[in-house]
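Colleague:
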Amino acid sequence: MKLSSRYCIVKRGKKVKCIKILIVIFIINLLAIPSVVQASSDVLEDQKSMLNISSFIKEANKYSKDAFPDLNMGEVLNLAIKGEVKGDFWKKIILGLLGTEVTNAIRTLGVILVIIVIHSVLKSIVEGLENKGVSQIIYYVEYILIVTLIMTSFSEMIVLVKSTIENLVGFMNSLVPILITLMITTGSVATANVVQPVILFIIGFIGNIVLTIVLPFVLISTVLGIVSNISDKVQIGKLSKCFKSGVVWLLGVALTIFVGLISIEGTLSSSVDGITAKTAKAAVSNFIPVVGKILGDAVDTVLGCATVLKNAVRYCWCFGSGWNMLIANYKNRHSNNSISFNHCPLRDNSR
Amino acid sequence: MEVVKIIGIGLVALILIIILKQYRPEFAVYASLIAGAIIIFLIMDKFSGVITILNNLASKANINNQFLSILLKITGIAFLTEFAVSICKDSGETAIANKIDLGGKAVIIGMSIPIISALLELIVKILP
Chain A
1 MKLSSRYCIV KRGKKVKCIK ILIVIFIINL LAIPSVVQAS SDVLEDQKSM
51 LNISSFIKEA NKYSKDAFPD LNMGEVLNLA IKGEVKGDFW KKIILGLLGT
101 EVTNAIRTLG VILVIIVIHS VLKSIVEGLE NKGVSQIIYY VEYILIVTLI
151 MTSFSEMIVL VKSTIENLVG FMNSLVPILI TLMITTGSVA TANVVQPVIL
201 FIIGFIGNIV LTIVLPFVLI STVLGIVSNI SDKVQIGKLS KCFKSGVVWL
251 LGVALTIFVG LISIEGTLSS SVDGITAKTA KAAVSNFIPV VGKILGDAVD
301 TVLGCATVLK NAVRYCWCFG SGWNMLIANY KNRHSNNSIS FNHCPLRDNS
351 R
Chain B
1001 MEVVKIIGIG LVALILIIIL KQYRPEFAVY ASLIAGAIII FLIMDKFSGV
1051 ITILNNLASK ANINNQFLSI LLKITGIAFL TEFAVSICKD SGETAIANKI
1101 DLGGKAVIIG MSIPIISALL ELIVKILP
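If you read the protein sequences in the order shown, they are chains A and B. According to our numbering, the first sequence is numbered sequentially starting from 1. According to our numbering, the second sequence is numbered sequentially starting from 1001.
1) Anything in the segment 1009-1036 of chain B with a Cβ closer than 9 Å to a Cβ of chain A? List those residues in chain order, please.
2) If the cut-off is 8 Å on Cβ atoms, which residues from the segment 114-138 of chain A count as contacting chain B, listed in chain order?
3) Identify, in the order they occur along the chain, each residue of the same chain with its Cβ nearer than 8 Å to the Cβ of A/Gln235, setting aside the five sequence neighbours on each side.
4) So, with DSSP's three-state summary, where would you put A/Ser174?
5) What separation, rounded to the nearest whole angstrom, lies between the Cα atoms of B/Ile1116 and B/Val1124?
6) Determine, using beta carbons only, whether B/Ala1118 comes closer than 8 Å to chain A.
7) Which residues, in order along the segment 153-183 of chain A, keep a beta-carbon less than 7 Å from a beta-carbon of chain B?
8) In terms of residue numbering, what span does the alpha helix (DSSP H) encompassing B/Asp1090 cover?
9) Our contact map puts B/Ala1097 next to B/Val1085 with C-beta atoms below 8 Å; I'd like the distance itself, whole angstroms only.
10) Could you run through the segment 1038-1060 of chain B and flag, in chain order, every residue whose CB is less than 8 Å away from some CB of chain A?
11) Could you tell me which of B/Gly1092, B/Ser1059 and B/Ile1108 sits nearest to B/Thr1081, measuring between CA atoms?
12) Would you list, in chain order, the members of the segment 213-233 of chain A that have their beta-carbon closer than 8 Å to a beta-carbon of chain B?
13) Taking only beta-carbon positions, decide if A/Ile144 is within less than 8 Å of chain B.
14) Considering B/Leu1033, what are the terminal residues of the alpha helix (DSSP H) in which it resides?
15) I'd like to know if A/Tyr315 contacts chain B, where contact means its C-beta is closer than 8 Å to some C-beta of that chain.
16) Could you give the C-beta distance for A/Leu261 and A/Ile202, rounded to a whole number, given that I count them as a contact under 8 Å?
17) Evaluate B/Asn1056 with the Cβ neighbour count: other Cβ atoms within 10 Å of its Cβ, from every protein chain shown; 16 or more gives buried, anything less gives exposed.
18) A/Ile226 and A/Val161: beta carbons closer than 8 Å?
19) Is B/Ser1112 close to chain A? Criterion is C-beta to C-beta, closer than 8 Å.
20) Using a Cβ-Cβ cutoff of less than 6 Å, which residues in the same chain neighbour B/Leu1119 once the five nearest sequence positions on both sides are dropped?
21) Examine chain A for any beta-carbon lying closer than 8 Å to the beta-carbon of B/Asn1098, and answer yes or no.
22) Does any CB atom of chain A fall closer than 8 Å to the CB of B/Ile1087?
23) Chain B partners of A/Val433, CB-CB under 9 Å?
24) If we define contact as Cβ-Cβ less than 8 Å, is A/Gly246 a contact residue for chain C?
25) Determine the burial state of A/Phe205: buried for a count of at least 16 other Cβ atoms within 10 Å of its Cβ, exposed for fewer.
26) Buried or exposed: where does A/Tyr140 fall if 16 or more other Cβ atoms within 10 Å of its Cβ makes it buried?
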């Protein structure tokens, strides 16, 4: 009896202690919940300034400023953090750009149509003549007109592709360090260590391949196509086709290597990272008594904020890269308007 | 109505030439020359209409005027040389006809050289 009553007292004492601790934790939680909500934005701001994201925003704004002066990458980032990304905004801009592209193509097609009409009229006049060289020369002139028309926009396009690739590589290079820092902050240490060199290497590699191998081959294939169409007796159209399919093949291989490397490294290192982060959190909440859980929650909050930030930066990255391509089209549109046939090389000869 | 005029002039010239050939065959060539010249002048009106239409089209499509003018000039030169060559052949002077043909071809090639060099320049410019 004595023993059992003593046990009861001890038990009651333990219960009281437990209730006391529970109350304390409850009060702390009550105090903590609004402060955690408040804290997440503060943490976000802190992390933003700590990770030097403003410099990235500045860099991104530099790329998008030419085409869309009223667009601010910082706002885009904030929207992405809050999860209020508006699809309509992007849709409107992209559809507008595509629409102008289509109208441009239709305009070029119209000019080619006019040239063909002129050609047919002149051909019907010339056909009855004995002098067969005339119709050949008229064909030459029309062919040159059409080729010049297409080539002016084509060479513009090539220049734009070059500058776009350089811009994209620069953009990636400016962003990868920030992304890596964010990855390390969120605990993806292995991913950061493996992915950084791979991404940087692949970006440089593919950019160089496109600039030094793919573009010259495309140009050579175009020139061969032009030359093989001048006369029926010159047969080098097959060579041009060979170059073209080689380029497509090369790009396919590069893309396959890129996707393969990224996915292999990503899956391997992210699973390792997932285990590391979970272990760390479990260690914090289980091995540190009483305050462990709260600390674990705080760690969770910080990690979550960093993840949100990382995803927002990734979103900006994605759209920044797409942006560069859109801007290329935009610039192309503007320069297309300024191109007229007064810039034809013929003018230089007649001088 | 232009067609009636042209046919009339042609038939009148034909009858004149047939009659002239019996008495003074050397004048028959002059008659055919004059008839050909009149017909050409009549056609030129029509051609000017066609050329203005082509010019309008080209200016609407923003095509370089120099290309079009070269095209028209080449066509005109070909026409005129053809006219002269056929007259020469009618009067039995094939040698002179060939010379005129050669001259016309030379002039046309001379005019088209800038076009071909323009194409070459374009190709060289595109090549990396």
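By construction, the Cβ of each residue, glycine as well, lies at the ideal position given by its N, Cα and C atoms.
Modeller: To lay it out plainly:
1) Of all residues in the segment 1009-1036 of chain B, none has a Cβ within less than 9 Å of some Cβ in chain A.
2) Of all residues in the segment 114-138 of chain A, Val114, Ile115, Val117, Ile118, Val121, Leu122, Ile125, Val126, Leu129, Glu130, Asn131, Gly133, Val134, Ile137 and Ile138 have a Cβ within less than 8 Å of some Cβ in chain B.
3) Excluding positions up to five away in sequence, the list reads Ser228.
4) Residue state, collapsed to three classes: helix.
5) Between the alpha carbons of B/Ile1116 and B/Val1124 lies a distance of about 12 Å.
6) At a cut-off of 8 Å, the C-beta of B/Ala1118 has a neighbouring C-beta in chain A.
7) Of all residues in the segment 153-183 of chain A, only Ser155 come within less than 7 Å of chain B when Cβ atoms are compared, listed by chain position.
8) For B/Asp1090, the enclosing alpha helix (DSSP H) begins and ends at Asn1065 to Asp1090.
9) Contact flag correct, Cβ pair sits at about 5 Å.
10) Within the segment 1038-1060 of chain B, the qualifying residues are Val1050, Leu1054, Leu1057, Ala1058 and Lys1060.
11) For B/Thr1081, the nearest C-alpha among the options comes from B/Ile1108.
12) Identification of residues in the segment 213-233 of chain A having a C-beta nearer than 8 Å to some C-beta of chain B yields Leu215, Pro216, Leu219, Ile220, Thr222, Val223, Ile226, Val227 and Ile230, given in sequence order.
13) For A/Ile144, the answer is yes, since a Cβ of chain B falls inside 8 Å of its Cβ.
14) If you look at B/Leu1033, you'll find it in the alpha helix (DSSP H) that goes Pro1025 to Lys1060.
15) For A/Tyr315, the answer is no, since every Cβ of chain B falls outside 8 Å of its Cβ.
16) About 6 Å separates the two Cβ atoms, so the contact holds.
17) Burial call: exposed.
18) No; because the gap between Cβ atoms is not below 8 Å, this pair is not in contact.
19) Closer than 8 Å: yes.
20) Same-chain partners within the cutoff: there are none.
21) Chain A contact via Cβ: absent.
22) So, not an interface residue.
23) Here chain A comprises residues numbered 1 to 351, so residue 433 of chain A is not present and cannot be evaluated.
24) In the structure shown, chain C cannot be found, because the protein chains are A and B.
25) Its Cβ having fewer than 16 others within 10 Å, A/Phe205 is exposed.
26) Buried is the call here.
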